[in-house]
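Chains as they are written, first to last, in my numbering: chain R, 483 to 763; chain V, 483 to 763; chain C, 483 to 763.
Just so it is clear, CB atoms sit at the ideal spot from N, CA and C, and this is done for glycine as well.
Values in this document were obtained by computation on a predicted structure and should not be read as measured data.
Here the structure is laid out as structure tokens; the discussion comes afterwards.
Structure below.
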């Protein structure tokens, strides 16, 4: 595992849980409650606000800003850009979740507008969304990806916009266009819930609020998040030599266990569970 | 049980779970997360989007469109009509949930506008809402029904607008104005949660996406949904000769079990549990 | 314990659960589902609606109106004022939750506008929000309080606007400016979930719908709510001599248990668990 990712897990997570930085969200109303509870469980403080009159004030005091276009409208995109510029001015990292990019023209164009107007630190997307934004071919079925080479999409997206691209799927790829980290944590139960992509973006925001290097922050976030998923699925124990949790009865049992696991997972255990490997290009 | 309802449960549910059709929602922000997770658990793919610039694009690629007025505003009604017309043009069935029709003038009038502008396949309502829209007397207390003859309301509503009316309550009635199916599945725990009506509409959308006959689709959806409620309540085993689930400790334990039961209930078992009977007029 | 608080718990809760009064909310989209389910579990009927065309109609038939500015915009504030005036005209008590007052100018000014335009019965806030609205010093970090003398803030806020101020934290203080009730129920798990403040406001709305005296209603609501939290945390049995519930595994297990406990907790047991004491000034 890259040393920076390990250091982020073993050092920065504890700092986050002590400082509890604000993570400001402009996000969709479908999964917003889950994102807020996920931020709390990870160890930061969520604030959700979108009014144009206040977003700059909040973004400028936040540790990170998460822009998620899941239920976008044009006025929300305007607010996102105002918030993003304020975060940029204040030095707070901006995370973009381009939910459904490629599914409609409005989504694709709104993402491109945000990427051109705001300095985005991390784009957290699925392979299809990343491929569309990178200008590669890609099929997008609603808001769920059905195809695409995740690694190539991450690298192309990172290079095109000078961002860190965190592309999640069965295997996650986090790339700054030069270096790419492959992460093999997570569990199939995560795909059976709505909002696991949105929450991955929120957790990335939490880690970016305490780790300046977005590549390490995003990779650590996804390894941590995936490791918690494995614990919740009953595949790995929460403690090194402890018992595994019971197998979920269904997706909502898994959801309960997942939030509980995120809350209880510490950085040392996450670092030991992380399956992250770095390779050039 | 009507043969078409049985065939829908034993055949179409499996097809849904393989194809995972998009079910596009314009719905309220109170229960939208539950609706999304319920669609996933049933076996389809939820997409929630309301921006006027994109609803037609999404509705035209969806397997079904669900319009739920729970937290309506005038701009949302406009978007619903745009989406509904696009779904009509693409041949995708439209499901309307007239939440709180009769409670305010805005709600009643908005439903009537939708019913006049869009070809609706199924109206999924409670007895009071159905009675108001059918032009019968009915008392409506907020968004929960307190009175009304469900069967008469279903039949009258179906005839007035040429729709299938799926009226849910202790006993459900699904009518096309000629044929009426009575469904006696479900459990009292379902009334102790917000959103069980909304989710019934979403599940109806899932079945309509794979079954062309809306009467059979709606009846199968409600039998399936109610059967899952019985399993979650600890009254029926998930498997023919299996153990029953533990009795819920309260409404939130029931909610967890309910989503898990929907996810795990297959069509064969649902068909055996269904208490659906058809009678003329 | 003040006799009026005890009488509210032992008498009015049962009346609420029989009558199930409407509690109309204009609230944020982050915790709205939790608020609706919490109102149902407590024993009333939630209705969430914000369209300017219908809020007055609903507020005028409601037992109480809850205004929560968590995700405010200017149009929502307008709707809140329309609804508030209609509730005032109909004699329904209005509860204000000034989420994040002090965090942005928009929030502070919107609360002051509401307090000047609408006769508010109870302001349910944290110490920092209350201090800001009372004109005292106070630091506000996002939407979570970090400082402030809760008792002084409650008293000052109550006097400034002629309201009952219900200020929640590790210890709650409910004051009408003359009399102040101290409530020492609750559990640390409640702070690890988003929306426990919002839900406290909703439960206050439920009690205000059946108890005319807002000081007693708010104090009873917070004692009831905190007692349910203790049961859910596994610290007190639900029944006098019964077993305690299992300790939560994490915040989402706690959440499930919390709603279940609210649903199952009756007024007699709540009155015996309540740690409420009154003192002058």
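The three-state secondary structure of residue 606(R), taken from DSSP, is strand. Listed along the chain, the chain C residues whose CB falls inside 9 Å of the CB of residue 745(V) amount to none; the nearest CB is some 17 Å away. In this structure residue 580(V) does not touch residue 556(V) by the C-beta definition: roughly 16 Å separates them, more than the 8 Å allowed.
Under the three-state reduction of DSSP, residue 511(C) is assigned to coil, being neither helix nor strand. Contact of residue 515(R) with chain V is assigned, a C-beta pair being separated by under 9 Å.
Linking residue 518(V) to residue 544(R) through their CA atoms gives a straight-line distance of about 30 Å. Residues of the region 569-599 of chain C with a Cβ closer than 8 Å to any Cβ of chain R, in chain order: 582, 585, 586, 587, 588, 589. Of all residues in the region 723-750 of chain V, those with a C-beta nearer than 9 Å to a C-beta of chain C are 730, 731, 732, 733, 734, 735, 736, 737, 738, reading in chain order.
Per DSSP, the beta-bridge partners of residue 650(V) are 608(V). For the pair residue 510(C) and residue 757(R), the Cα-to-Cα distance works out to about 39 Å. Only residues of its own chain outside the window of five on either side were considered, and among them 508, 562, 578 have a CB closer than 6 Å to the CB of residue 549(C), listed in chain order. The bridge partners DSSP lists for residue 550(R) are 579(R). Annotation for residue 659(V): 637, 640, 641 place their beta carbon closer than 7 Å to its own, counting only its chain and skipping 5 residues before and after. Scanning its chain for C-beta atoms nearer than 8 Å, with the 5 sequence neighbours on each side dropped, one finds around residue 533(V) the residues 561, in chain order. Between residue 498(C) and residue 688(C) the beta-carbon gap is near 6 Å, inside 8 Å, which marks them as a contact.
Counting the other Cβ atoms within 10 Å of the Cβ of residue 709(V) gives 16 or more, which makes it buried.
Shown in chain order are the members of the region 669-684 of chain V whose Cβ falls below 8 Å from a Cβ of chain C: 674, 675, 676, 677. The beta carbon of residue 511(R) falls within 9 Å of a beta carbon belonging to chain C, placing the residue at that interface. Minimum Cα-Cα distance from residue 537(C) among the listed residues 524(C), 570(C), 520(C) corresponds to 570(C). Not one beta carbon of chain C lies nearer than 9 Å to the beta carbon of residue 650(V). Within the model, the alpha-carbon separation for residue 651(V) versus residue 595(C) is close to 42 Å. Contact annotation: residue 696(V) and residue 649(V) have beta-carbon atoms that are not nearer than 9 Å. Excluding sequence positions up to five before and after residue 728(V), its CB lies within less than 7 Å of the CB of 716, all in the same chain and listed in chain order.
Rounded to the nearest whole angstrom, the C-alpha separation of residue 653(C) and residue 607(C) is 13 Å. By the beta-carbon neighbour count (other beta carbons within 10 angstroms, threshold 16), residue 733(C) is buried. Membership of residue 529(R) in the beta strand (DSSP E) is indicated by the continuous run 527-530. Proximity of residue 530(V) to chain R, defined by a Cβ-Cβ separation below 9 Å, is satisfied. Listed by position along chain R, the residues whose Cβ is nearer than 8 Å to that of residue 522(V) are 674, 675, 676, 733.
Residue 692(C) sits in coil when the DSSP states are folded into three classes, being neither helix nor strand.
DSSP places residue 742(C) in the uninterrupted alpha helix (DSSP H) bounded by 733-746.
Close partners of residue 555(R) in chain V (Cβ separation under 7 Å): 533. Put simply, the backbone Cα of residue 673(V) is about 19 Å away from that of residue 605(V).
Collapsing the DSSP output to three states places residue 555(V) in coil.
In the DSSP annotation of this structure, the continuous segment of the alpha helix (DSSP H) that includes residue 593(R) starts and ends at 587-599. With a contact defined as Cβ atoms closer than 8 Å, residue 749(V) and residue 496(V) qualify at about 6 Å.
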